[in-house]
Amino acid sequence: PPFASVGRWTYGVESKMIYGCGAHSSLRIGAFCSIANEALFMCSANHPTSFVSTYPFKVRVTREEPDGSDLLTNGPIEIGNDVWVGRRAIVMPGVRIGDGAVVGAGAIVTKDVAPYAIVAGNPARLIRY
């Protein structure tokens with residue numbers, strides 16, 4: 483996708499899923515990262531709580547093509563160098579994952595991860611450094 487960039491020697495990216503990256507949010511994955519199958523990067527995914535409904539009226543009723551302006555995001559996803567993202571891990575909008583970090587399989591990352599931290603669980607919690 484045009485709003486995603488991947489560093490040199492990173493592998494597994496072809497098996498990952500990116501949702502909602504566009505003009506309002508982006509994804510940057512550093513060099514030498516390992517991305518496991520079915521890892522999911524949610525560039526924009528929050529439901530609007532200030533709207534009357536979460537139903538996508540603009541698209542369903544008017545048949546207009548979505549332009550992304552109604553997608554909510556907490557900012558870009560930034561993944562450092564030499565990061566390992568486990569199978570079926572989900573990384574939410576606005577999260578930064580530091581160099582050398584490990585994200586366990588199935589983890590849901592909602593907050594920043596420090597460099598060289600190992601996190602796992604739902605929500606992802608620090609296991610150790």
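Each number in my numbering comes from the position in the sequence shown (counting from 1) with 482 added on. For glycine and all other residues, C-beta sits at the position ideal for the given N, C-alpha and C. Bear in mind that the values here come from a model prediction, so they are computed numbers and not experimental data.
Could you please give the first and the last residue of the uninterrupted beta strand (DSSP E) stretch that includes residue i?
i: V601; result: 600-602
i: E560; result: 559-561
i: M524; result: 522-524
Using three-state DSSP, classify residue i as helix, strand or coil.
i: Y493; result: strand
i: Y501; result: strand
i: R569; result: coil
i: S487; result: strand
i: V534; result: coil
Looking at residue j and residue i, is the spacing between their C-beta atoms short of 8 Å?
i: M499; j: M574; result: no
i: L566; j: V577; result: Here the sequence assigns Trp to residue 566, which means Leu is not the residue at that position. Taking 8 Å as the Cβ cut-off, W566 and V577 do not qualify as a contacting pair.
i: E560; j: R490; result: no
i: A486; j: S508; result: yes
Near residue i, which residues of its chain fall below 6 Å by C-beta distance, leaving aside the five closest residues on each side in sequence?
i: G588; result: R570
i: N563; result: G512, A513, F514, D581
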